[in-house]
Amino acid sequence: MFGSCWIYTAVFVYALLAVLKTGAVTKDVTIFGDDSISRNQTTKVNFTRIVGGAWAKRGAYPYQVAIYVKKEFTCGGTLLEGGLHVLTAAHCINPLGREAGLITLYFRTTVLNPLDAIHIERKAAKFVTHPSYNSTSFENDLGVITLSKPVFEIRPVKLERVDPFNQTHIGKEATVIGWGRTRQVLHPAMSSGAASNHLRHVNVTILDTKDCSVLYYHDYELSDGKRLCASTLFGKSICQGDSGGPLLINGLQVGINSAAAGCADPRFPALFIRVSAYVDWIKTVVGKSVPVLPVTLITAA
């Protein structure tokens, strides 16, 4: 327990010192996804990709999905129970309007080029984003893709259900997975780092959203129980491009990879949509009960 508490304290103190040393963040910024979108935003926020970490073993995360738009890798996602729906971030699919035909999804692969020989391909039949999704603040940044036909060969992800205001995650180690950049980027102009062709995973520490709000200068609403934030030391975290993938604790999906300021920037923890706050909405979209497991975690403090 002492070790977990020390890790959490070290992450927060290191990030806070970095903020104080560096000074205020630029107020007029560009938000980077696969295409650059200029916005008047208060803090640099990037769509996210894994930086650092280790290669994931084949089959370690069977529910992980590679989402392609117009034949280009765009985001990650997770296969839901029933095999007909994929959970991802809203900003991955919202720009497409109603053009679901542009989306191709690949399952059972850890490598993108070439795909594993045993991979499964599906087209999207339709998709929906959360009705309250805000493309500026990234609130309610989640969506569900319906496949053209189910995928039964793969074990789906399990979603966690806990009280969103029960801060039992604080100080816990979680895992983020995705394909993406392996180079730390502290400024949008440096966002051209090399991408990983192999699925990677990295461990992060869940932080108190109150502390994250301070680090983000209170620019984002993080106290409503609908988001999680996590960070790590030494430039291993998430970066541009690979949003939509899962944040996992003990094999359960507790979050959706949403956004971060900078790229593996220790000053700013990554932001995740908290799945447990949206299970009822996901059930409504999927049209049947989504299996979830109640979990009680003990705080490190």
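FYI, in mature numbering (1 follows the signal peptide of the UniProt record, and there is no 0) the residues of the sequence shown are -26 to -1, 1 to 275. Backbone N, C-alpha and C fix where the C-beta goes; we use that ideal spot for every residue, glycine too.
Identify whether residue i lies in helix, strand or coil by the three-state DSSP scheme.
i	result
G199	coil
P220	strand
L245	strand
N68	helix
W29	strand
S232	strand
L133	strand
I119	strand
V188	helix
G75	helix
residue 301	Here the chain comprises residues numbered -26 to 275, so residue 301 is not present and cannot be evaluated.
residue 303	The chain is shown from -26 up to 275; residue 303 falls before or after that span and cannot be answered.
V150	strand
S205	strand
Alpha carbons only, please: which of the options is nearest the one belonging to residue i?
i	options	result
R241	L54, V43, H65, S205	S205
A63	P220, G56, A74	P220
R32	V228, Y194, R174	R174
L245	L121, E195, T258, V259	E195
R72	W153, T183, A98	A98
S111	I119, Y190, A148, I223	Y190
residue 277	S197, L133, V259, H143	Here the chain comprises residues numbered -26 to 275, so residue 277 is not present and cannot be evaluated.
R201	L76, N171, I41, V136	V136
K123	G57, R248, I256	G57
H172	T179, S187, D216	D216
G75	K45, L86, H65	K45
V260	A34, Y35, E55, A30	E55
L121	P105, K146, G145, E95	E95
T258	D90, K146, P105	P105
S197	V150, V178, A251	A251
A34	V150, V188, G199	V150
Whose C-beta lies closer than 7 Å to the C-beta of residue i among residues of the same chain, with five residues either side of it excluded?
i	result
L53	Y37, V39, V60, F81, V125, I128, P130, V131
V85	N171, H172
I180	H143, I144, G145, K146, A148, L202, A204
L89	Y80, T83
Using a Cβ-Cβ cut-off of 6 Å (strictly less than) and excluding sequence neighbours within five positions of residue i, which residues of its own chain qualify?
i	result
I119	V60, A98, F101
N87	N171
So residue i and residue j are in contact, right, with Cβ under 8 Å, and what is the actual spacing, rounded?
i	j	result
G50	G152	5 Å
H143	I223	7 Å
Q227	V249	6 Å
S232	D115	5 Å
Between which residues of its own chain and residue i is the CB-CB distance below 8 Å, once the five residues before and five after are set aside?
i	result
N68	T103, Y107, S109, G117
Y42	T48, I77, T78, L79, Y80
A28	R174, H175, V176
L70	V43, L76, I77, F101
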